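Chemist: Take this structure, written in structure tokens, and hold onto it; I'll ask about it next.
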Amino acid sequence: MPTIRAMMKQILEGLRIIHESGFIHRDIKGQNILMHSPVGSGRIILKLADFGLVKVQQQDHLFEMSTKGTLPNMAPELIFDKKPTDSKVDMYSAGVVLFQLVTKEYP
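To convert, count from 1 in the sequence shown and add 105; that's the working numbering.
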């Protein structure tokens, strides 16, 4: 089993690629992180899944986002402010995943 640090490194690298490609995932949570172990490799590769709530992000543009996703993993600005936002909402959700990996609880 990979360490929490190694897992988060893969998750954040996946988010970096998604964001650089101009997308916001909007539903980062444990259930949307798949584990894959290529036969004979001894390695575990994490893959981000469920792109059903993805938004396309244009450079320097904030989006009005509807309140969709998994409530305990959602950034507060999506729940309370309903203000335009960007890929930072995925980073917040990744932080919730890290908290869960360390404590086995929601924040």
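Built from N, CA and C at the ideal position, the CB exists for glycine as well. The structure displayed is predicted, hence computed values, not measured ones.
(1) Report the start-end ranges of each beta strand (DSSP E) in the region 106-141 that is 3 residues or longer and not cut off at the edges.
(2) Sorry if obvious, but does the Cβ on K209 come closer than 7 Å to a heavy atom of the ligand HEM?
(3) When the cut-off is 8 Å and only beta carbons count, does N137 lie next to chain B?
(4) So if DSSP puts L151 in a beta bridge, which residue, or which two residues, is it bridged to?
(5) Hey, K134 and T108: beta-carbon distance below 8 Å or not?
(6) Pull up the distance between the alpha-carbon of V201 and that of M113, whole angstroms please.
(7) Using DSSP with H/G/I as helix, E/B as strand and the rest coil, what is V161?
(8) Let me confirm a value: T190 is counted as buried when at least 16 other C-beta atoms fall within 10 Å, else exposed. Which label applies?
(9) Do L151 and Q115 have their CB atoms nearer than 8 Å?
(10) Within its chain, find whatever has a CB closer than 6 Å to the CB of Y197; leave out the 5 residues flanking it on each side and keep chain order.
Modeler: Inspection of the coordinates gives the following:
(1) 138-141
(2) Inclusion of the ligand HEM in the displayed structure is not the case, the ligand content being empty and no account of it being possible.
(3) Included in the structure is just one protein chain, with no chain B present.
(4) Position 46 of the sequence shown, counting from 1, holds the residue named residue 151. Answer is M140.
(5) Here residue 134 corresponds to residue number 29 of the sequence shown, with the count starting at 1. Here residue 108 corresponds to residue number 3 of the sequence shown, with the count starting at 1. Result no, Cβ atoms of K134 and T108 do not sit closer than 8 Å.
(6) In the sequence shown, the residue the question calls residue 201 occupies position 96. In the sequence shown, the residue the question calls residue 113 occupies position 8. Approximately 11 Å, taken between the alpha carbons.
(7) Residue mapping note: residue 161 aligns to position 56 of the sequence shown, counting from 1. DSSP places V161 in strand when its eight states are reduced to three.
(8) Counted from its first residue, the sequence shown places residue 190 at position 85. By the neighbour-count rule (16 or more Cβ atoms within 10 Å), T190 is buried.
(9) Residue 151 sits at position 46 when you count from the first residue of the sequence shown. Residue 115 sits at position 10 when you count from the first residue of the sequence shown. Yes; because the gap between Cβ atoms is below 8 Å, this pair is in contact.
(10) In the sequence shown, the residue the question calls residue 197 occupies position 92. Cβ within range, chain order: A180.
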